[in-house]
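Residue numbers (my numbering): 7 to 384. Where is the CB? At the ideal position from N, CA and C, for every residue including glycine.
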Ligand SMILES: [Mn+2]
């Protein structure tokens, strides 16, 4: 049987204050095309369907459209909640849509939910473990000590009734030790939420969600498929994809990816203001893409972001890389000293902050401002 593994849709997410609705609708359509082309039996959505526990009306509409189209293709859909979802809200209607082969396991009920698919001589058990933390699992195991994420996932998975001679697949949304993170995940710092790979023993494939970069954890059958879109500039160089899992005889699982091309990519470019606004520089670029532009000019360009927007209409971030930003000393204040004039103190602060001294034009500019201010006070 063939399955498409997705996760971390984060529908409704804003990236650097940009609404990604158009991009998300587009990529979900691309995913539907792949699902149709692959003639797969099932689709896994391994958590973080929405970006917020209370998603916007627009976000709910986007997911509703996607789910309806999936269901119309007669593919079976398996959905678990992620840490960004509200388990209870995502569970809405789950008992009703089961009749349409849409299986939602969003609220943890003491054990992973199990759905068995049979086709010819192949039996595949699909286990769904929603995102769990120690406090979610504790009420079901009152005689056990559950302190860590590892404890709680391990105990929850012990309740999965896997069959040795059948294929067992698990959907989970946890941070497995060793996974490489990006900036858009919001996983906790210090590693308290990590789970060791060995808790997943006994499953032929683990369709993971939570980490946004597609990757295998030591083996290709323990896999994060990654987000369908880049959600931070730390992912600018990543290639996004969906993972296709094909089961056959026990022990023979094949995995491949299908690359996803977004409506608008996220890119980082670097150069002086003169460089990046030169036609020769940008004529080969897709100017609809989302950009982070790093200017290398020593002096800030007044209103640069709005000027750059004339060329790069979807510029998201403007940054400077120069003597000042590369040697950021974190200046709080210059100590006021009685024998120094305000101008001298400003000169000192400027140098500490920018790592270079003011030039003559700047000096006279500041002197004039100071004189004006003091004149008004008198
Ligand atoms: Mn996520």
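Is it the case that the region 151-158 contacts the region 101-111, given that we only count it when at least three CB pairs across the two stretches are under 8 Å?
Not touching, per the Cβ criterion.
For residue 30, the nearest candidate out of 272, 268, 173, 315 (CA to CA)
268
Contiguous beta strand (DSSP E) assignments of at least 3 residues, all confined to the region 266-293
272-277
Exposed or buried, what is residue 370 when buried is set at 16 or more other beta-carbons lying within 10 Å of its beta-carbon?
Residue environment for residue 370: exposed (fewer than 16 other C-beta atoms within 10 angstroms of its C-beta).
At what residues does the alpha helix (DSSP H) containing residue 359 begin and finish?
Residue 359: member of the alpha helix (DSSP H) spanning 348-360, first to last residue.
In terms of alpha-carbon separation, which member of 169, 358, 296, 348 lies closest to residue 380?
348
Determine the burial state of residue 3: buried for a count of at least 16 other Cβ atoms within 10 Å of its Cβ, exposed for fewer.
Any answer about residue 3 is impossible in this case: the structure gives the chain only from 7 up to 384.
Compute the Euclidean distance between the alpha carbons of residue 289 and residue 74, then round it to the nearest angstrom.
41 Å
Among 42, 172, 206, which one has its Cα closest to the Cα of residue 182?
Answer by Cα proximity: 206.
What are the uninterrupted segments assigned as alpha helix (DSSP H) that are 4 or more residues long and contained completely in the region 73-157, given in chain order?
93-96, 100-103, 140-143
Cβ neighbour criterion (16 or more within 10 Å) applied to residue 177
buried
In terms of residue numbering, what span does the beta strand (DSSP E) encompassing residue 296 cover?
296-301
In whole angstroms, give me the CA-to-CA distance for residue 253 and residue 232.
21 Å
With DSSP as the reference, identify every bridge partner of residue 53, one or two as the case may be.
For residue 53, no pairing in a beta bridge is given by DSSP.
Can you tell me whether residue 186 is buried or exposed? The criterion is at least 16 other CB atoms within 10 Å of its CB, across all chains shown.
exposed
Using 8 Å as the cut-off, classify the Cβ of residue 233 as near or not near the heavy atoms of ligand 1, replying yes or no.
Checking the Cβ of residue 233 against ligand 1 gives yes.
Using only the heavy atoms of ligand 1, determine whether one of them is closer than 8 Å to the beta carbon of residue 13.
yes
Here's the rule I'm using: 16 or more other beta-carbon atoms within 10 Å means buried, otherwise exposed. How should residue 125 be labelled?
exposed
Hey, is residue 277 close to ligand 1, as in C-beta under 8 Å from one of its heavy atoms?
no
Given residue 221, which residues of its chain have a CB within under 8 Å of its CB, disregarding the five upstream and five downstream residues?
185, 186, 229, 230, 232
Buried or exposed: residue 293, going by 16 or more other Cβ atoms within 10 Å of its Cβ?
exposed
Beta-bridge pairing of residue 9 - partner residues as DSSP gives them:
48, 251
State the beta-bridge partners of residue 183 as determined by DSSP.
In DSSP, residue 183 forms no bridge with anything.
Is it buried or exposed, residue 99, if we count other Cβ atoms within 10 angstroms and call 16 or more buried?
Exposed: under 16 other Cβ atoms inside 10 Å.
Heavy atom of ligand 1 within 8 Å of residue 89 beta-carbon
Indeed, a heavy atom of ligand 1 lies less than 8 Å from the Cβ.
By DSSP's criteria, residue 221 is part of a beta bridge. Which residues make up the other side?
230
So residue 322 is in the beta strand (DSSP E); what residue range does that whole segment cover?
321-326
For residue 189 and residue 238, which I take to be in contact (beta-carbon distance under 8 Å), what is that distance rounded to the nearest angstrom?
Between residue 238 and residue 189 the Cβ distance is about 4 Å, and since that is below 8 Å, they are a contact.
Ordered along the chain, which non-local residues of its own chain (more than five positions away) have a Cβ less than 7 Å from that of residue 240?
Cβ neighbours of residue 240 within its own chain (closer than 7 Å, five residues either side excluded): 188, 189.
Proximity test, residue 18 beta-carbon vs ligand 1 heavy atom, cut-off 8 Å
A distance criterion of 8 Å places the beta-carbon of residue 18 beyond contact range of ligand 1, judged by its closest non-hydrogen atom.
Give the single residue among 199, 38, 202, 246 whose Cα lies nearest to the Cα of residue 69.
38
Thinking C-beta only, is residue 166 closer than 9 Å to residue 114?
no
Could you tell me if residue 250 is buried or exposed, where buried requires 16 or more neighbouring beta carbons within 10 angstroms of its beta carbon?
buried
Beta-carbon proximity of residue 247 to residue 264, cut-off 9 Å
yes
Kindly indicate the opening and closing residues of the beta strand (DSSP E) around residue 310.
Taken as a continuous stretch (DSSP letters only), residue 310 belongs to no beta strand (DSSP E), being part of the alpha helix (DSSP H) at 310-315.
Range covered by the alpha helix (DSSP H) that runs through residue 332
329-332
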